[in-house]
Each structure stands twice: as structure tokens, then as C-alpha cells.
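Presented below is the structure to which this report refers.
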Amino acid sequence: GGGGGSMSAPGGAQEEGKGRAEEDVLRRQNEILMRALAAKTADLNQVHDAHLGILAEREEAIQAKIQQTVETNASLERDYDLLNVQAKDLTKEVQTVVQERKRLEQQVEAMKHG
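Numbering (this note's numbering), first residue to last: 26 to 139.
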């Protein structure tokens, strides 16, 4: 019976060595994959950051345009109010001139028939 046991022992050690070699290969492959994954993640993060930067710049540009539009509108409203006041003043002046003209015409008529 002892001979049978001694036969299996070297075979077992061989199997064990093969298993360890496969483990090493798997570990190396795993390291390579992890490094590749880390590099890919870094790339994606860079792209993501770049996109965020572009979006932030666009948002700033849009905000600036909105601010500019708001200021322009405020300026136009002030101009409009000013023009409105001037138009009212001119209307009053025109009415005054028209009334004055009517009064003069009436005086002329009265002088004709006087």
C-alpha cells in the first residue's frame, strides 16, 4: 500500500505548482486590467471635467447675455419714459399753439365784421 502513496505525492506537488503558476498569471492579468481600468477612469474623468468646464463657460456666457439684456431693457424703459414725458410736453405746446391760433382767427373775424 505504501508504494501507491509515494506515487501520488510528486503528482500532488506538481498540481500544486501548476495551480500557483495559474494564480500568478491570473494575478498579473488582474493587475493589468486594474491598471487599464484606472487609466480609463482617469480619461473619463478628464473628459467629464472638460465637459463640465465647457458647460460652465456656456452658462456664464448665457448669464452675461441675460444680464446685458436686462440692463438694455432697463435703459430702454428709461428712454421710453423720458420720450413719453417729452411727448406730453409737446402735446401741451401744440394745444396751446392751436388755441392761440383759434383766438387770433376769432379776433380777425371780429375785426372784419366789426
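Just so you know, even glycine gets a beta-carbon here, dropped at the ideal spot from N, CA and C.
Self-check item: For residue 72 and residue 49, the rounded distance between their alpha carbons
Solution: 34 Å
Exercise. Put residue 44 into one of helix, strand or coil per three-state DSSP.
Key: helix
Quiz prompt | Helix, strand or coil at residue 26 [DSSP, three-state] | solution = coil
Quiz item: Helix, strand or coil: which one does DSSP assign to residue 139?
Solution: coil
Quiz item: When the Cα atoms are used, what is the spatial distance from residue 66 to residue 89?
Solution: 34 Å
Self-check item: Proximity test, residue 106 beta-carbon vs the ligand ATP heavy atom, cut-off 8 Å
Solution: As presented, the structure is devoid of all ligands, the ligand ATP included, so that no description of it is given.
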